[in-house]
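>
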Amino acid sequence: MDFDALLLSRIQFAFVIAFHIMFPAFTIGLAAFLAVCEGLWLKTGHEAFKRLYMHWVKIFALAFAMGVVSGVVMSYQFGTNWSVFSEIAGSVIGPLLGYEVLTAFFLEATFLGVMLFGWNKVGRKLHFVATCAVAIGTTISAFWIISANSWMQTPQGFAVDPATGNFYATDWMKVIFTPSFPSRLAHMLIAAYITTAAVVLAAGAWQVICGRVTKPTRWQMRMASMTLAILLPIQIMIGHESGLIAHEYQPAKIAAAEGWCETAPIQGTMLIAWPADNACGHAGITIPGTSPYLFAGTPEGEDLKGLDQFAPEDTPPIWLVFYGFRIMVGAGLAMLGLGLWGCFLWWRGRLDEKGLFHWAAVPGGALGFIAVITGWIVAEVGRQPYTVYGHLRTVDSVSPVSTAQVATSLLVFMVTYAIIFTAGTVYMARIATRGFDDDPKGPKEARRPPGSPMGAVDEPAETGEDIVAAD
Amino acid sequence: MTLDLPLIWGLILAIGVFMYVLLDGFDLGVGMLTFHARSDEERNMMTATIEPVWDGNETWLIIGGGGLFAAFPKAYGIIMPAFYLPVLIMLAALIFRGVAFEFRHKAVRKPTRVFWNSAFFGGSATAAFAQGLMLGGMIQGINVEGGAFAGGAFDWLTPFSIVVGVSVVIGYLLLGSCWLVLKTEGELYNRARNWARMSLVGVAIAFLAVSLATLAIDPSVGARWGFTMTSIDFARLLPLSPAPIAGMALCAWLWRDLSMKPGPNAAPDWRPYLLAVGVFLSGYIGLGVSLFPYIVPFEYTIWDAAARDNALGFMLVGAGIMLPIILLYTAYVYSLFWGKVKPGDGYHG
Numbered sequence: 000m001d002f003d004a005l006l007l008s009r010i011q012f013a014f015v016i017a018f019h020i021m022f023p024a025f026t027i028g029l030a031a032f033l034a035v036c037e038g039l040w041l042k043t044g045h046e047a048f049k050r051l052y053m054h055w056v057k058i059f060a061l062a063f064a065m066g067v068v069s070g071v072v073m074s075y076q077f078g079t080n081w082s083v084f085s086e087i088a089g090s091v092i093g094p095l096l097g098y099e100v101l102t103a104f105f106l107e108a109t110f111l112g113v114m115l116f117g118w119n120k121v122g123r124k125l126h127f128v129a130t131c132a133v134a135i136g137t138t139i140s141a142f143w144i145i146s147a148n149s150w151m152q153t154p155q156g157f158a159v160d161p162a163t164g165n166f167y168a169t170d171w172m173k174v175i176f177t178p179s180f181p182s183r184l185a186h187m188l189i190a191a192y193i194t195t196a197a198v199v200l201a202a203g204a205w206q207v208i209c210g211r212v213t214k215p216t217r218w219q220m221r222m223a224s225m226t227l228a229i230l231l232p233i234q235i236m237i238g239h240e241s242g243l244i245a246h247e248y249q250p251a252k253i254a255a256a257e258g259w260c261e262t263a264p265i266q267g268t269m270l271i272a273w274p275a276d277n278a279c280g281h282a283g284i285t286i287p288g289t290s291p292y293l294f295a296g297t298p299e300g301e302d303l304k305g306l307d308q309f310a311p312e313d314t315p316p317i318w319l320v321f322y323g324f325r326i327m328v329g330a331g332l333a334m335l336g337l338g339l340w341g342c343f344l345w346w347r348g349r350l351d352e353k354g355l356f357h358w359a360a361v362p363g364g365a366l367g368f369i370a371v372i373t374g375w376i377v378a379e380v381g382r383q384p385y386t387v388y389g390h391l392r393t394v395d396s397v398s399p400v401s402t403a404q405v406a407t408s409l410l411v412f413m414v415t416y417a418i419i420f421t422a423g424t425v426y427m428a429r430i431a432t433r434g435f436d437d438d439p440k441g442p443k444e445a446r447r448p449p450g451s452p453m454g455a456v457d458e459p460a461e462t463g464e465d466i467v468a469a470d
Numbered sequence: 000m001t002l003d004l005p006l007i008w009g010l011i012l013a014i015g016v017f018m019y020v021l022l023d024g025f026d027l028g029v030g031m032l033t034f035h036a037r038s039d040e041e042r043n044m045m046t047a048t049i050e051p052v053w054d055g056n057e058t059w060l061i062i063g064g065g066g067l068f069a070a071f072p073k074a075y076g077i078i079m080p081a082f083y084l085p086v087l088i089m090l091a092a093l094i095f096r097g098v099a100f101e102f103r104h105k106a107v108r109k110p111t112r113v114f115w116n117s118a119f120f121g122g123s124a125t126a127a128f129a130q131g132l133m134l135g136g137m138i139q140g141i142n143v144e145g146g147a148f149a150g151g152a153f154d155w156l157t158p159f160s161i162v163v164g165v166s167v168v169i170g171y172l173l174l175g176s177c178w179l180v181l182k183t184e185g186e187l188y189n190r191a192r193n194w195a196r197m198s199l200v201g202v203a204i205a206f207l208a209v210s211l212a213t214l215a216i217d218p219s220v221g222a223r224w225g226f227t228m229t230s231i232d233f234a235r236l237l238p239l240s241p242a243p244i245a246g247m248a249l250c251a252w253l254w255r256d257l258s259m260k261p262g263p264n265a266a267p268d269w270r271p272y273l274l275a276v277g278v279f280l281s282g283y284i285g286l287g288v289s290l291f292p293y294i295v296p297f298e299y300t301i302w303d304a305a306a307r308d309n310a311l312g313f314m315l316v317g318a319g320i321m322l323p324i325i326l327l328y329t330a331y332v333y334s335l336f337w338g339k340v341k342p343g344d345g346y347h348g
C-alpha cells in the first residue's frame with residue numbers, strides 16, 4: 000500500500016471525523032437529557048432534577064467545547080484535503096453545510112453562553128428556553144449534516160455541467176431528502192440518545208459501586224435504563240430499514256457488511272468470521288436461509304448480489320465494513336441487555352443495591368461510542384471507492400497537496416487530539432463519577448475567582464497530594 | 000432585474016469575516032493578554048469577560064470556511080490547499096485554546112494548570128498570527144495553474160506575510176485590551192488602558208507598514224489607489240482617501256480617549272472598543288479597495304469562482320431569513336452580559 004497524499008488524506012479524514020462524531024453524538028443526547036431534567040424540575044419542583052442538571056451541565060460544557068473545536072476542523076478539511084471534491088460537488092453540498100451554520104451552529108453557540116452563565120441574568124423560564132435552544136440547535140445540526148452525507152451516499156436531484164464537469168442541483172428537495180436520509184437521520188439521533196443514556200447509566204452505576212447513592216443518582220439510573228430499554232428495539236428496527244435502503248442503492252456495501260460472497264437467491268446471516276484478505280472466502284459461522292425474512296422486500300426470484308458481482312475496483316474494503324457492522328450490532332445488543340436488566344432491577348427495587356449489574360454498566364458507558372464509530376465506518380467505508388456514490392471516485396477528489404504536508408497535518412492532529420482527548424476524558428470522568436453529595440445549592444464560595452461565572456468547574460479534576468478536596 | 004448573486008454573497012462573506020475579526024479578535028486578544036496576568040485571580044477575571052460569548056464569536060470563523068465552500072467552491076478549493084500549513088497551525092492553535100477555556104479550571108496540579116494556561120495564551124497568539132499569515136498570503140497572490148493551486152507548500156511564507164501576521168496579532172491585542180477597558184474595573188482596568196495605548200502605537204505603525212507594502216507588492220494594487228512607479232494620480236486617490244484618513248483620525252481619537260484621566264469628563268468605557276472597531280473597519284475597507292473583485296487574488300474574481308446561481312439563490316433565502324435573526328439574538332446575549340464583570344458574579348443563585 001502506498002502512503003501517498005490520497006491514503007494519508009483518507010486516514011486523516013477518518014481520524015478527525017471519528018474523533019469529532021463522539022462529541023456531537025454525546026452532546027445531542029446530553030442536551031436533550033438536560034432539557035428534560037430542567038423541564039421536570041420546573042414542572043415538579045423536585046430538587047433532584049435541578050441537581051442532575053447542575054451536575055451534567057458541567058460535563059456538557061466540556062464535551063461541547065471539544066465538539067466545537069473538532070468541528071471547526073471539519074469545515075476546513077474539505078478544502079485543504081478534498082479540494083477537487085469541494086469544487087465539483089460544492090454547488091450541491093455546500094448549501095446544505097451553509098444551512099447548518101445558519102440554522103444550527105449560531106443557535107447552539109450563542110445560547111450555550113446563556114445556558115452556562117445566565118443563571119443570574121435571566122429568569123428560570125428563559126433559562127429553560129436557552130437550554131431548549133441549544134438542544135434544538137444540536138438536532139438541526141444533525142439534520143443538515145446527515146442530509147449532506149446522505150446525498151453523498153444516495154445522490155439525486157443534480158446534473159453535471161458539461162462545460163466544467165461540476166455538479167449542480169436541479170431539485171433542492173430531492174437533494175436534501177435523498178432516499179437514505181430519513182432513516183439515517185433517525186438512526187443517528189437515536190444513536191445519540193442511546194450513547195448518552197449509556198454514559199449516564201455508567202456514571203450512576205459507578206456512584207452505586209462507591210456507595211454514594213442519592214436521589215439524583217437513583218433518577219439518573221432509572222431514566223437511563225428506561226431510555227436504553229425503549230430506544231434500542233426502535234433503533235434496531237430503524238437500522239434494519241436503513242440497511243434495506245442501502246441494499247437497494249448500494250448493494251456492494253450490504254454484500255460486504257453481510258459477507259455475502261456469491262450471488263444467490265437466498266443468503267444466510269454470517270455471525271462471525273475469521274479474517275481473510277480483502278476478498279471473499281471467510282470461514283465462519285453462518286445461519287443459513289435468513290434473507291427471505293431479513294430482506295423480505297426483495298422481489299421473488301431476484302438474486303441477492305454477492306461480492307462476486309462487483310469488480311475489485313468497485314468494492315469497498317471488505318473487512319472494515321464486515322467487522323464494523325458486527326461490532327456495532329454487538330454493542331447495540333449489549334446496551335439493550337443493560338437497559339432491560341436495569342429496568343428489571345428497578346421493578347424489583349434493587350437498582351441501587353450494588354451488584355453485578357453495576358459492574359457491567361460501568362464499562363458499558365463506552366458501548367454507545369463504539370457503536371457510533373463502527374456504524375459510521377460501515378456507512379463511510381461502505382461508500383468507497385466513491386465520495387459521491389457512483390459519480391465521483393475518492394481517488395479523483397483529493398487536493399493537489401504534497402504527501403509531506405498531509406503527513407505533517409496527520410501527525411499534528413494525532414498528537415493534538417491525543418492530548419485533549421486524554422485530558423478531556425479524565426476531567427469528564429472525574430466529574431461524572433463524583434456523587435451528588437455536594438451542596439445542592441451549588442458549589443461553595445468560589446475557589447474560582449471573582450466574576451468567574453462558570454461554576455462548571457469548582458471541583459478539582461485531578462488527584463494529587465496538593466489537592467484540596469472539593470467538599 | 001436579476002440579482003447579482005456572486006456580488007451579494009461576496010458582500011455577505013466579507014461582512015461575516017469582519018464580524019469574525021471584531022468579535023473573535025477581542026477574545027483572542029484577551030487570550031493573549033492573559034500572559035500578563037499577575038495572578039490566577041486576575042487571569043480568571045480576564046477570561047470571565049469572554050467566557051459567555053467566545054463560542055458564538057468563533058462560529059463566525061465557520062461562516063468563513065463554510066461560506067467560502069458553499070458560495071465560492073472554486074476559491075475554497077484553491078485557497079485551502081494553498082494555505083494548507085497555516086490553516087493547520089490555526090486549527091491546532093484554536094483547538095488548544097478552545098479546550099483550555101474549560102480545562103484550565105479543571106487542572107489543579109500546578110504543571111497541568113501552567114500547561115493549559117500557556118495553551119490558552121499561546122493558542123490565542125498563534126491563531127492570530129496564522130490568520131495574519133493567510134491574509135498576507137492572500138494579498139501577495141496565489142499561484143494558480145489550470146484552475147488549481149500550483150504553488151509550493153511554503154509560498155505563503157514571506158517577509159510580507161510575517162509583517163501582516165504580526166500586525167494582526169497587534170490589532171487583536173488592541174481589540175482585546177479595549178474590551179477589558181469595557182468589562183473590568185480597578186487595577187486591571189488601569190492596566191488594560193495601558194495595554195490599549197501600547198498596542199495602539201503598534202497598530203498605527205503596522206497600519207502604515209502594511210498599507211505601503213501592499214501598494215508595492217503588486218503593481219495593480221498600487222494603480223487602484225493611483226500610485227504608479229513615477230506619479231500619483233490624484234483623481235483616483237482622492238475619492239479613496241477617506242478610508243485611510245478616517246483610520247488615522249480614529250487612531251488619534253482613540254489615543255485621546257485612552258489618555259484621559261478617569262473622572263466625570265472621561266470618555267465612556269465602551270468608546271475605545273468601538274473606535275478600535277472603526278480603525279479595523281477603515282483598514283478592512285482599504286483592503287477591499289485593493290483586492291475587489293478578486294477572491295483568489297489576482298486570478299479569480301467572485302464571478303469566476305461562484306457556485307451556480309441556483310445554489311447561491313437557495314442559500315440567500317436562508318441567509319436572508321437567518322442572518323437578521325442571528326444578529327438579533329447575538330445582540331440580545333451581549334446585552335444580557337453587558338456591564339462590568341464584578342467579583343462575586345457567581346453563576347449559582
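First to last, the protein sequences are chains F and B. If you're matching positions, the first sequence starts at 0 in numbering that gives the first Met the number 0 and goes up one per residue. If you're matching positions, the second sequence starts at 0 in numbering that gives the first Met the number 0 and goes up one per residue. Where a beta carbon is used, it is the ideal one built from N, C-alpha and C, also for glycine.
#1: Is there a Cβ from chain B that is less than 7 angstroms from the Cβ of residue 103 (chain F)?
#2: Can the beta-carbon of residue 174 (chain F) be found less than 7 angstroms from the beta-carbon of residue 91 (chain F)?
#3: Does residue 307 (chain B) get closer than 7 angstroms to chain F when you measure Cβ to Cβ?
#4: Give me the Cα-Cα distance between residue 69 (chain B) and residue 14 (chain B), rounded to the nearest whole angstrom.
#5: In whole angstroms, give me the CA-to-CA distance for residue 410 (chain F) and residue 80 (chain F).
#6: Please list, in chain order, the chain B residues whose beta carbon lies closer than 7 angstroms to that of residue 90 (chain F).
#7: If you draw a straight line from the C-alpha of residue 53 (chain F) to the C-alpha of residue 40 (chain F), how long is it?
#8: What's the gap between the Cα of residue 164 (chain F) and the Cα of residue 197 (chain F)?
#9: Chain B partners of residue 77 (chain F), CB-CB under 7 angstroms?
#10: With H, G and I counted as helix, E and B as strand and the rest as coil, what does DSSP make of residue 183 (chain B)?
#11: Hey, how far is the Cα of residue 405 (chain F) from the Cα of residue 395 (chain F)?
#12: Can you tell me whether DSSP reads residue 21 (chain B) as helix, strand or coil?
#13: Cβ of residue 58 (chain B) less than 7 angstroms from any chain F Cβ?
#14: Between the region 33-48 of chain F and the region 127-138 of chain F, do three or more beta carbon pairs fall short of 8 angstroms?
#15: Shortest alpha-carbon distance to residue 101 (chain B) belongs to which of B:156, B:314, B:116, B:31?
#16: So residue 86 (chain F) contacts chain B; which residues on that side make the cut at Cβ distance below 7 angstroms?
#17: Using a C-beta cutoff of 7 angstroms, does residue 314 (chain B) count as contacting chain F?
#18: Just verifying my parser: in three-state terms, what is the DSSP assignment at residue 123 (chain F)?
#19: Would you mind working out which of F:160, F:288, F:5 sits nearest residue 89 (chain F), comparing C-alpha positions?
#20: Compare the Cα-Cα distances from residue 254 (chain F) to each of F:388, F:412, F:292, F:316 and report the closest residue.
#21: How is residue 148 (chain B) classed by DSSP in three states: helix, strand or coil?
#22: Any C-beta of chain B sitting closer than 7 angstroms to the C-beta of residue 109 (chain F)?
#23: Suppose you measure from the CA of residue 369 (chain F) to the CA of residue 327 (chain F); what does that come to, to the nearest Å?
#24: Per DSSP, what kind of secondary structure is residue 259 (chain B) in: helix, strand or coil?
#25: Given a cut-off of 7 angstroms on the beta-carbon distance, is the pair residue 141 (chain B) and residue 81 (chain B) in contact?
#26: Can you tell me which of the three DSSP states residue 391 (chain F) falls into?
#27: Using 7 angstroms as the threshold, is the C-beta distance between residue 106 (chain F) and residue 146 (chain F) below it?
#28: Can you find the residues in the same chain that come closer than 8 angstroms, C-beta to C-beta, to residue 131 (chain B), ignoring five residues on each side of it along the sequence?
#29: Mapping the DSSP letters down to three states, classify residue 267 (chain F) as helix, strand or coil.
#30: Quick check on residue 377 (chain F): buried or exposed, where buried means 16 or more other Cβ atoms within 10 Å of its Cβ?
#31: For residue 284 (chain F), does the count of other Cβ atoms within 10 angstroms reach 16, so buried, or fall short, so exposed?
#32: What is the residue span of the beta strand (DSSP E) that residue 157 (chain F) lies within?
#33: In terms of residues, what are the limits of the alpha helix (DSSP H) holding residue 295 (chain B)?
#34: Using the beta-carbon of each residue, which ones in chain B are nearer than 8 angstroms to residue 120 (chain F)?
#35: If we ignore side chains and look at the alpha-carbon of each, how far apart do residue 28 (chain B) and residue 72 (chain B) end up?
#36: So is residue 296 (chain F) buried or exposed if we call it buried at 16+ other beta carbons inside 10 Å?
Walking through what the data contain:
#1: Position 104 of the first sequence, counting from 1, holds the residue named residue 103 (chain F). No, no contact with chain B.
#2: The sequence position of residue 174 (chain F) within the first sequence is 175, counting from 1. The sequence position of residue 91 (chain F) within the first sequence is 92, counting from 1. For residue 174 (chain F) and residue 91 (chain F), yes; Cβs fall inside 7 angstroms.
#3: Reading the second sequence from its first residue, position 308 is the one you call residue 307 (chain B). Taking Cβ atoms only, chain F reaches closer than 7 angstroms to residue 307 (chain B), which makes this a yes.
#4: As a first step, residue 69 (chain B) is located in the second sequence; it is residue number 70 there, counting from the start. As a first step, residue 14 (chain B) is located in the second sequence; it is residue number 15 there, counting from the start. Taking the straight line from one Cα to the other gives about 16 angstroms.
#5: Taking the first residue of the first sequence as 1, we reach residue 410 (chain F) at position 411. Taking the first residue of the first sequence as 1, we reach residue 80 (chain F) at position 81. So the two alpha carbons sit approximately 15 angstroms from each other.
#6: Within the first sequence, residue 90 (chain F) is the residue found at index 91, counting from 1. In chain order: 72, 306, 307, 310.
#7: Sequence index remark: in the first sequence, residue 53 (chain F) carries index 54 (1-based). Sequence index remark: in the first sequence, residue 40 (chain F) carries index 41 (1-based). Looking at the two C-alpha atoms, the distance is approximately 11 angstroms.
#8: What you label residue 164 (chain F) is simply residue 165 of the first sequence in a count that begins at 1. What you label residue 197 (chain F) is simply residue 198 of the first sequence in a count that begins at 1. One C-alpha to the other measures close to 46 angstroms.
#9: Locating residue 77 (chain F) in the first sequence gives position 78, counting from the first residue. Simply 68.
#10: Position 184 of the second sequence, counted from the first residue, corresponds to residue 183 (chain B). If DSSP states are grouped into helix, strand and coil, residue 183 (chain B) belongs with coil.
#11: On the first sequence, position 406 is the one that residue 405 (chain F) refers to. On the first sequence, position 396 is the one that residue 395 (chain F) refers to. Distance between the alpha carbons of residue 405 (chain F) and residue 395 (chain F): 17 angstroms.
#12: Translated into positions along the second sequence, residue 21 (chain B) becomes position 22. In this structure, residue 21 (chain B) counts as helix in the three-state DSSP scheme.
#13: Counting from 1 along the second sequence, the entry for residue 58 (chain B) is found at position 59. Interface residue, yes.
#14: yes
#15: Against the second sequence, residue 101 (chain B) aligns to sequence position 102. Nearest of B:156, B:314, B:116, B:31 to residue 101 (chain B), Cα basis: B:116.
#16: Counting from one through the first sequence, the residue named residue 86 (chain F) turns up at place 87. The answer, in chain order, is 72, 73, 76.
#17: Along the second sequence, read from residue 1 onward, the residue named residue 314 (chain B) stands at position 315. It does: the Cβ of residue 314 (chain B) has a partner Cβ on chain F nearer than 7 angstroms.
#18: Within the first sequence, residue 123 (chain F) is the residue found at index 124, counting from 1. Residue 123 (chain F) falls in the helix class under three-state DSSP.
#19: Taking the first residue of the first sequence as position 1, residue 89 (chain F) is located at position 90. If we check each option's Cα against that of residue 89 (chain F), F:160 comes out closest.
#20: Locating residue 254 (chain F) in the first sequence gives position 255, counting from the first residue. Residue 254 (chain F) has its Cα closest to that of F:316, out of F:388, F:412, F:292, F:316.
#21: Position 149 of the second sequence, counted from the start, is the residue given in the question as residue 148 (chain B). The answer is strand: DSSP assigns residue 148 (chain B) an E or B state.
#22: Translated into positions along the first sequence, residue 109 (chain F) becomes position 110. Yes, contact with chain B.
#23: The residue you call residue 369 (chain F) lines up with position 370 of the first sequence. The residue you call residue 327 (chain F) lines up with position 328 of the first sequence. Cα to Cα, residue 369 (chain F) sits roughly 7 angstroms from residue 327 (chain F).
#24: For the purposes of this step, residue 259 (chain B) is taken as the residue at position 260 of the second sequence. Residue state, collapsed to three classes: coil.
#25: Taking the first residue of the second sequence as 1, we reach residue 141 (chain B) at position 142. Taking the first residue of the second sequence as 1, we reach residue 81 (chain B) at position 82. Cβ distance < 7 angstroms, so residue 141 (chain B) and residue 81 (chain B) count as in contact.
#26: Within the first sequence, residue 391 (chain F) is the residue found at index 392, counting from 1. Residue 391 (chain F): strand per DSSP, three-state reduction.
#27: Counting from one through the first sequence, the residue named residue 106 (chain F) turns up at place 107. Counting from one through the first sequence, the residue named residue 146 (chain F) turns up at place 147. Their beta carbons are not under 7 angstroms apart, which means residue 106 (chain F) does not touch residue 146 (chain F) by this criterion.
#28: For this step, residue 131 (chain B) is matched to residue 132 along the second sequence. If we look at residue 131 (chain B) and ignore the five residues flanking it on each side, its Cβ neighbours are 160, 163, 164, 165, 166, 167, 168.
#29: Translated into positions along the first sequence, residue 267 (chain F) becomes position 268. Looking at residue 267 (chain F) - three-state DSSP - the assignment turns out to be coil, as it is neither helix nor strand.
#30: Here residue 377 (chain F) corresponds to residue number 378 of the first sequence, with the count starting at 1. Classification of residue 377 (chain F): buried, given that the 10 Å Cβ count is 16 or more.
#31: Looking up residue 284 (chain F) in the first sequence gives position 285. Per the 10 Å Cβ criterion, exposed.
#32: Within the first sequence, the letter at position 158 stands for residue 157 (chain F). Start and end: 157-159.
#33: Here the question's residue 295 (chain B) lines up with position 296 in the second sequence. Run containing residue 295 (chain B): none in the alpha helix (DSSP H); it sits in the beta strand (DSSP E), 293-295.
#34: Here residue 120 (chain F) refers to the residue found at position 121 of the first sequence. By Cβ distance, chain B contributes 335, 336.
#35: Mapped onto the second sequence, residue 28 (chain B) falls at position 29. Mapped onto the second sequence, residue 72 (chain B) falls at position 73. In a straight line, the C-alpha of residue 28 (chain B) is about 31 angstroms away from that of residue 72 (chain B).
#36: Taking the first residue of the first sequence as position 1, residue 296 (chain F) is located at position 297. Exposed, because fewer than 16 other Cβ atoms sit within 10 Å of the Cβ of residue 296 (chain F).
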